[in-house]
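Undergrad: There's a structure below that I have some questions on.
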Amino acid sequence: AQSVAQPEDQVNVAEGNPLTVKCTYSVSGNPYLFWYVQYPNRGLQFLLKYITGDNLVKGSYGFEAEFNKSQTSFHLKKPSALVSDSALYFCAVRGGKIIFGKGTRLHILP
Amino acid sequence: DVKVTQSSRYLVKRTGEKVFLECVQDMDHENMFWYRQDPGLGLRLIYFSYDVKMKEKGDIPEGYSVSREKKERFSLILESASTNQTSMYLCASIWGPGHNQPQHFGDGTRLSIL
């Protein structure tokens, strides 16, 4: 069965420090993996995706994600966090259908 | 740039009312989706449509129906609203099946059922 897990409900990071938001998945075949961000009272905005090729994917707002096939993970990263990065982040996998994780709330502390 | 527009940002209705949530996309996308978002539960798929007049049940279709009479418009209908349908509703669209492009989302409708 297809599934996505975001093991942390909330992540707190000091401004300027690197951040990681974790995502693991389970899908048959080759996955299409996505990260989205949601700001308060807004819809989801696409950040980046992995389809094939390089395991390190770069996206919007300085975010990147590392695809690890052996660990079935697709963690979201940023080298230096900004207060404006505070938001709700969703990982999604598209195999036969699109499945979203439950979301991780990222707090960047000034 | 793709635009997905949900007709209402906030909506307050009463128990038992029939409620219509409207969604329009401007990029000729084939697939459209309705999700509800609740804290701690993430996004749950209610219904999706892969063509005009075509629809498929998602994971939580009970108490809802949908209508897609035109390609650009996808409506979610709460037949008889109940308090447990108070939620954030998100509409999304994508070009077609098996496509590796991301979904495009509207800004959501926050629905309260009193």
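Sequences listed follow chains Y and V, in order. Read in order, the letters of the first sequence correspond to residues 202 to 311 in my numbering. Read in order, the letters of the second sequence correspond to residues 49 to 162 in my numbering. For each residue, glycine too, the CB sits at the ideal point set by N, CA and C. The structure presented is a predicted model; accordingly, all values stated were derived computationally and were not measured.
Any beta carbon of chain V sitting closer than 8 Å to that of residue 230 of chain Y?
TA: No, its Cβ sits nowhere closer than 8 Å to a Cβ of chain V.
Undergrad: Cβ of residue 97 of chain V within 8 Å of Cβ of residue 121 of chain V?
TA: Against a cut-off of 8 Å, the Cβ pair of residue 121 of chain V and residue 97 of chain V comes out as no contact.
Undergrad: Quick check: what's the CA-CA separation for residue 77 of chain V versus residue 107 of chain V?
TA: In a straight line, the C-alpha of residue 77 of chain V is about 22 Å away from that of residue 107 of chain V.
Undergrad: Using a C-beta to C-beta distance shorter than 8 Å, which residues of chain Y count as neighbours of residue 88 of chain V?
TA: Here the neighbours are 210, 303.
Undergrad: What residues in its chain sit with their C-beta under 7 Å from that of residue 225 of chain Y, if we drop five residues either side in the sequence?
TA: Closer than 7 Å at Cβ, skipping near neighbours: 206, 273, 274.
Undergrad: Is the CB-CB distance between residue 294 of chain Y and residue 233 of chain Y below 8 Å?
TA: Cβ distance < 8 Å, so residue 294 of chain Y and residue 233 of chain Y count as in contact.
Undergrad: Measure the C-alpha to C-alpha separation of residue 157 of chain V and residue 124 of chain V and round it to an integer number of angstroms.
TA: About 11 Å.
Undergrad: Taking the Cβ atom as the reference point for each residue, do residue 246 of chain Y and residue 258 of chain Y lie within a distance shorter than 8 Å?
TA: Their beta carbons are not under 8 Å apart, which means residue 246 of chain Y does not touch residue 258 of chain Y by this criterion.
Undergrad: For residue 235 of chain Y and chain V, any beta-carbon pair shorter than 8 Å?
TA: So yes, residue 235 of chain Y belongs to the interface.
Undergrad: Using 8 Å as the threshold, is the C-beta distance between residue 128 of chain V and residue 64 of chain V below it?
TA: A contact, by the Cβ cut-off of 8 Å.
Undergrad: Since residue 143 of chain V is in the beta strand (DSSP E), which residue starts that stretch and which ends it?
TA: Premise fails: residue 143 of chain V is in no beta strand (DSSP E) and is neither H nor E.
Undergrad: How would you write the range of the beta strand (DSSP E) that residue 114 of chain V sits in, first residue to last?
TA: From DSSP, the beta strand (DSSP E) with residue 114 of chain V extends over 112–118.
Undergrad: For residue 66 of chain V, does the count of other Cβ atoms within 10 angstroms reach 16, so buried, or fall short, so exposed?
TA: Answer is exposed; the Cβ neighbour count stays below 16.
Undergrad: For residue 131 of chain V, which of V:62, V:150, V:55 has the nearest alpha-carbon?
TA: Looking at the Cα atoms, V:62 is the closest of the given residues.
Undergrad: In three-state terms, what does DSSP make of residue 227 of chain Y?
TA: Three-state DSSP puts residue 227 of chain Y in a strand.
Undergrad: May I ask you to report which of helix, strand or coil DSSP gives residue 218 of chain Y?
TA: In the structure shown, residue 218 of chain Y sits in coil (DSSP, three-state: anything other than H, G, I, E or B).
Undergrad: List the residues of chain V that residue 250 of chain Y touches, going by C-beta distances under 9 Å, in chain order.
TA: Going along chain V in sequence order, the residues near residue 250 of chain Y (Cβ under 9 Å) are 148, 149, 150.
Undergrad: Using a Cβ-Cβ cut-off of less than 8 Å, give me the residues of the segment 280–292 of chain Y that come near chain V, in sequence order.
TA: Listed by position along the chain: 291.
Undergrad: Under 8 Å Cβ to Cβ from residue 50 of chain V, same chain only, skipping five residues before and after it: list those, please.
TA: So the qualifying residues of the chain are 73, 74, 75, 77, 141, 152.
Undergrad: Taking 8 Å as the threshold (C-beta atoms), are residue 93 of chain V and residue 111 of chain V in contact?
TA: No, they are not a contact pair.
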